[in-house]
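Enquirer:
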Amino acid sequence: MGKTLVIVESPAKAKTIGKFLGRKYKIKASVGHVIDLPKSKLGIDIENDFEPRYITIRGKGPILSELKKEAKKADKVYLATDPDREGEAISWHLAKALKLDDKEKNRIEFNEITKNTIKNAIKNPRSIDMDLVDAQQARRVLDRLVGYKISPLLWKKVRKGLSAGRVQSVATKLIVDREREIDKFKPEEYWSIEFILLKDKKEFESLLNGKVIDGKLEKIKISNKEESEVIINEISNSSLIVENVKRGKKKRKPYPSYTTSSLQQDASNRLGFSTKKTMKLAQDLYQGIDIKGEGTVGLVTYIRTDSTRISSEARNKVESYILDSFGDKYLSKNKNSKGKKNIQDAHEAIRPTDVFKTPEKIKDSLSKDQYKLYNLIWQRFVASQMSSAVYDTLTIDIKASDYRLRTSGSQISFDGFMKVYPIKSKDKNINIPDMKAGDILDIKDVLPKQHFTQPPARFTEASLVKTMEELGIGRPATYSPTISTILSRGYVLIENKSFKPTELGFIVTDLLIEYFKNIINEEFTAEMENKLDKVEEGKIIWKNVISDFYDDFKGVLKVAEDEIEEIDMDEETDIECEKCGRNMVIKHGRYGRFLACPGYPDCKNTKPILNKLNIDCPKCKDGEIIERKSKKGRKFYGCTNYPECDFVSWDMPINEKCPECNNILTKKTTKKGTTIKCIECDYKKTTKNK
Numbered sequence: 011m012g013k014t015l016v017i018v019e020s021p022a023k024a025k026t027i028g029k030f031l032g033r034k035y036k037i038k039a040s041v042g043h044v045i046d047l048p049k050s051k052l053g054i055d056i057e058n059d060f061e062p063r064y065i066t067i068r069g070k071g072p073i074l075s076e077l078k079k080e081a082k083k084a085d086k087v088y089l090a091t092d093p094d095r096e097g098e099a100i101s102w103h104l105a106k107a108l109k110l111d112d113k114e115k116n117r118i119e120f121n122e123i124t125k126n127t128i129k130n131a132i133k134n135p136r137s138i139d140m141d142l143v144d145a146q147q148a149r150r151v152l153d154r155l156v157g158y159k160i161s162p163l164l165w166k167k168v169r170k171g172l173s174a175g176r177v178q179s180v181a182t183k184l185i186v187d188r189e190r191e192i193d194k195f196k197p198e199e200y201w202s203i204e205f206i207l208l209k210d211k212k213e214f215e216s217l218l219n220g221k222v223i224d225g226k227l228e229k230i231k232i233s234n235k236e237e238s239e240v241i242i243n244e245i246s247n248s249s250l251i252v253e254n255v256k257r258g259k260k261k262r263k264p265y266p267s268y269t270t271s272s273l274q275q276d277a278s279n280r281l282g283f284s285t286k287k288t289m290k291l292a293q294d295l296y297q298g299i300d301i302k303g304e305g306t307v308g309l310v311t312y313i314r315t316d317s318t319r320i321s322s323e324a325r326n327k328v329e330s331y332i333l334d335s336f337g338d339k340y341l342s343k344n345k346n347s348k349g350k351k352n353i354q355d356a357h358e359a360i361r362p363t364d365v366f367k368t369p370e371k372i373k374d375s376l377s378k379d380q381y382k383l384y385n386l387i388w389q390r391f392v393a394s395q396m397s398s399a400v401y402d403t404l405t406i407d408i409k410a411s412d413y414r415l416r417t418s419g420s421q422i423s424f425d426g427f428m429k430v431y432p433i434k435s436k437d438k439n440i441n442i443p444d445m446k447a448g449d450i451l452d453i454k455d456v457l458p459k460q461h462f463t464q465p466p467a468r469f470t471e472a473s474l475v476k477t478m479e480e481l482g483i484g485r486p487a488t489y490s491p492t493i494s495t496i497l498s499r500g501y502v503l504i505e506n507k508s509f510k511p512t513e514l515g516f517i518v519t520d521l522l523i524e525y526f527k528n529i530i531n532e533e534f535t536a537e538m539e540n541k542l543d544k545v546e547e548g549k550i551i552w553k554n555v556i557s558d559f560y561d562d563f564k565g566v567l568k569v570a571e572d573e574i575e576e577i578d579m580d581e582e583t584d585i586e587c588e589k590c591g592r593n594m595v596i597k598h599g600r601y602g603r604f605l606a607c608p609g610y611p612d613c614k615n616t617k618p619i620l621n622k623l624n625i626d627c628p629k630c631k632d633g634e635i636i637e638r639k640s641k642k643g644r645k646f647y648g649c650t651n652y653p654e655c656d657f658v659s660w661d662m663p664i665n666e667k668c669p670e671c672n673n674i675l676t677k678k679t680t681k682k683g684t685t686i687k688c689i690e691c692d693y694k695k696t697t698k699n700k
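Now the structure itself:
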């Protein structure tokens, strides 16, 4: 009797599943897509109703041949690719290539890679979902039309190697628009006034809250020091009377389990992980980790999801864990785990496959970063089914003539879900003396503070993903590759963990907005995502979506081709080419900017652009310290005489000498503060941010 062939996408997943199913099954990996549109040309027959012209991907021929060979020998073939549009399309391509019967139920799917889940999936195969396939085809063809029609225009008019895309160009536009907001921003001065008050010789803080005007409390805008002094004088010459004391309780609800977007945001904010790193680690946890004494097992559910739903079985298990570990009062009585509207909800939220595999139990089987991410997912899942945290609150309103001061604070009385998933609170702890309405207070001190309004913050990876999700731009699987693309194309760079557009990013964005404003914008991209969702639901035909789009697009494209003038991106410098004497120009390459001779091809001289710090190298004394980048793009500092001199520092050297050994000092700035230390001795000075 022949074996059953199960085809998955990755070798890691094949290894994990193979241990669950035993000898009667043969598990093979397609290693992603084996059939796709060609890279070298459009691959879409526009005249024939946008029919895609698929080919076997270069290099995948041997894999496909082996799969065909194994399929012929097998009694049964199951396609077990990922449970999403992309996975469904891979299964469809495989089914056609292997000539599987369309009527047979040969598609299996699972949301987690555990023994019981895999065996249950084998028992419940289904047919390939063509609505899912068509949604993937629609996205692929649409993105191919936009990318392969606009990108060559950018190559011709700006420079080679550029690209445009329905999602990536809008993501770049968000960053460019934010930078322009920052450039236009004009800070405005404003003042706040804090009072140190006394009650029975015990002091506490109170802030100016407003002024009663025509019987209504109004906020006051204090624009300068003089205005603040007038108010301080009026309040100081008034009686301060407690008007109202209000005690209460405030609940803080737990967050739902992670979606792809919220996991990427939290991993960035809490762990400092990039979206790319987060998804790589999450993929490892999903596909399977070798756990000591147990073997290989998937530790988390499928990692590309926009749903916060969890299964009844998973909820029952986590409830048992909470009851056993913390007691009944920590268990949430609210069973609602529905997510937001307008989500695909194809599978569950990201959660541990077994809540009883606590992070500490399996820590020795995980890498440091795998442990950090698994711990985050596990904590969030458990916390999502726990009780709300409860705070005791206190608000005191104080009357000073027509002015009103307010003192407020809170302290936690029941930690609830925060016992597992800690959250930093902005609330001040209550440390206020007892008082009641009518009590008279004294002023000990007044602390007027000058402030200036701040421009909007640049996007971080976390805030960009959050904004893309809120605007409906892209889907869970697209956030990470979109960010990688706009970085690799040189449209944006990361500076102090935030995105900043390059000159190229501004130029390309402005060009696209001028000629393709109906395509490269947030509303169009979000609306197209909604249409793709409707294709998946079987409500509209995918080729109609493409046809409607292309009717307008081809006219706009023709105008752009005729009207866009060639842009010279080369910037002349005063640096002479040592080979021919011409002034060298700054060019843009795959790895960033560099100097090149404008006499090419007669003179092919090029050299890197050195960002000098005007500090002599402390090691060889002959070279200068310059800024460099590692292969992974991380900034570091080295000597101009490399490789003869191997001086290197990850922290930025500064033009100051160590007070103890007279060597060079370095500076490192983080959110917490600035650390200055010596490259030679133990001298160190840290300044914390206020």
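First residue of the sequence shown? That's 11 in the working numbering, and the numbers climb one at a time after it. In this text, a Cβ means the ideal position worked out from N, Cα and C, and glycines have one as well.
Starting from the Cα of residue 4, find the closest Cα among 618, 614, 261 and 555 and give me that residue.
Expert: The structure shown does not extend to residue 4, since the chain is modelled only from 11 to 700, so the question has no answer here.
Enquirer: Of the choices 288, 96 and 89, whose alpha-carbon is the least far from that of residue 107?
Expert: The residue with the shortest Cα to Cα distance from residue 107 is 89.
Enquirer: Can you tell me which of the three DSSP states residue 25 falls into?
Expert: Helix, per DSSP.
Enquirer: Can you give, in chain order, each stretch of the beta strand (DSSP E) that sits fully within the stretch 599 to 660 and has at least 3 residues?
Expert: With a minimum length of 3 residues, the continuous beta strand (DSSP E) runs that stay inside the stretch 599 to 660 are 602 to 606, 616 to 618, 621 to 626, 634 to 639 and 645 to 649.
Enquirer: Starting from the C-beta of residue 588, find all residues in its chain whose C-beta is less than 8 Å away, skip the five residues before and the five after it, and write them out in chain order.
Expert: 615.
Enquirer: Looking at C-alpha atoms only, which residue of 290, 573, 595 and 591 is the closest neighbour of residue 582?
Expert: Cα-wise, what sits closest to residue 582 is 595.
Enquirer: Look at the alpha carbon of residue 202 and the alpha carbon of residue 404, and state the distance between them as a whole number of angstroms.
Expert: Their backbone Cα atoms lie some 21 Å apart in a straight line.
Enquirer: Rounded C-beta distance between residue 311 and residue 441? I'm assuming under 8 Å.
Expert: Actually they do not touch by this definition, with Cβ atoms about 44 Å apart.
Enquirer: Report yes or no: do three or more beta-carbon pairs, one from the stretch 56 to 64 and one from the stretch 143 to 154, lie closer than 8 Å?
Expert: Judged by Cβ distances under 8 Å, the stretch 56 to 64 makes contact with the stretch 143 to 154, as three or more pairs qualify.
Enquirer: Got a sec? Which residues, its chain only, sit under 7 Å from residue 534 by beta carbon, not counting five neighbours each side?
Expert: So the list reads 528, once near-sequence residues are dropped.
Enquirer: Below 8 Å on the Cβ atoms is my contact criterion, and I expect residue 209 with residue 443 to pass it. Report the Cβ-Cβ distance as a whole number of Å.
Expert: Going by Cβ atoms, the distance from residue 209 to residue 443 rounds to 4 Å, so yes, they are a contact pair.
Enquirer: Can you have a look at residue 664 and say buried or exposed, based on whether 16 or more other CB atoms are within 10 angstroms of its CB?
Expert: The residue in question, residue 664, is exposed, as its Cβ has fewer than 16 Cβ neighbours within 10 Å.
Enquirer: Pull up the DSSP beta-bridge partners for residue 688, would you.
Expert: The partner list for residue 688 (beta bridge, DSSP) reads 675.
Enquirer: Along the chain, where does the beta strand (DSSP E) that runs through residue 538 open and close?
Expert: No beta strand (DSSP E) holds residue 538; the alpha helix (DSSP H) holding it covers 532 to 546.
Enquirer: Between 558, 521 and 44, which lies nearest to residue 570 when the distance is taken from Cα to Cα?
Expert: Among 558, 521 and 44, the Cα nearest to that of residue 570 belongs to 521.
Enquirer: Which residues share a DSSP beta bridge with residue 456?
Expert: 205.
Enquirer: What is the rounded straight-line gap between the Cα of residue 185 and the Cα of residue 545?
Expert: Looking at the two C-alpha atoms, the distance is approximately 30 Å.
Enquirer: Along the alpha helix (DSSP H) that carries residue 421, what are the first and last residues, could you check?
Expert: Counting along the chain, residue 421 falls outside any alpha helix (DSSP H), though it belongs to the beta strand (DSSP E) covering 413 to 424.
Enquirer: Among the candidates 691, 659, 680 and 676, whose CA atom is the shortest distance from the CA of residue 670?
Expert: When only C-alpha atoms are compared, the closest one is 691.
Enquirer: If you measure between the beta carbons of residue 523 and residue 183, is that distance less than 9 Å?
Expert: Taking 9 Å as the Cβ cut-off, residue 523 and residue 183 qualify as a contacting pair.
Enquirer: Mapping DSSP to helix, strand and coil, what is residue 693?
Expert: Coil, per DSSP.
Enquirer: According to DSSP, simplified to helix, strand and coil, what is residue 217?
Expert: Strand, per DSSP.
Enquirer: In three-state terms, what does DSSP make of residue 663?
Expert: Three-state DSSP puts residue 663 in a strand.
Enquirer: Which one or two residues does DSSP pair with residue 574 in a beta bridge?
Expert: Note: residue 574 sits in no beta bridge, so no partner.
Enquirer: Note the first and the last residue of the continuous beta strand (DSSP E) segment covering residue 341.
Expert: Neither: residue 341 is in no beta strand (DSSP E) and is coded neither H nor E.
Enquirer: Using the DSSP secondary-structure output, state which residues sit across from residue 300 in a beta bridge.
Expert: According to DSSP, residue 300 bridges with 306.
Enquirer: Which residues mark the beginning and the end of the beta strand (DSSP E) in which residue 117 is found?
Expert: Counting along the chain, residue 117 falls outside any beta strand (DSSP E), and DSSP gives it neither H nor E.
Enquirer: Should residue 590 be labelled buried (16 or more other beta-carbon atoms within 10 Å of its own) or exposed?
Expert: Result: exposed.
Enquirer: Below 8 Å CB to CB, which residues in the same chain sit around residue 19 once its five sequence neighbours on both sides are set aside?
Expert: Counting only Cβ-Cβ distances below 8 Å, and skipping sequence neighbours, we find 39, 40, 41, 42, 91, 92, 97 and 100.
Enquirer: Could you tell me which residues DSSP puts in a beta bridge with residue 261?
Expert: Its beta-bridge partners are 400.
Enquirer: For the beta strand (DSSP E) containing residue 502, list its first residue and its last residue.
Expert: Run containing residue 502: 502 to 505, per the beta strand (DSSP E) assignment.
Enquirer: According to the neighbour-count rule (16 or more other Cβ atoms, all chains shown, within 10 Å of its Cβ), is residue 172 buried or exposed?
Expert: Buried is the call here.
Enquirer: If you measure between the beta carbons of residue 530 and residue 179, is that distance less than 9 Å?
Expert: Yes, they are a contact pair.
Enquirer: For residue 39, report the span of its beta strand (DSSP E) as first-last.
Expert: Start and end: 35 to 39.
Enquirer: Output yes or no for whether 9 Å exceeds the beta carbon distance between residue 198 and residue 238.
Expert: Their beta carbons are not under 9 Å apart, which means residue 198 does not touch residue 238 by this criterion.
Enquirer: Pick helix, strand or coil for residue 480, following the three-state DSSP scheme.
Expert: In this structure, residue 480 counts as helix in the three-state DSSP scheme.
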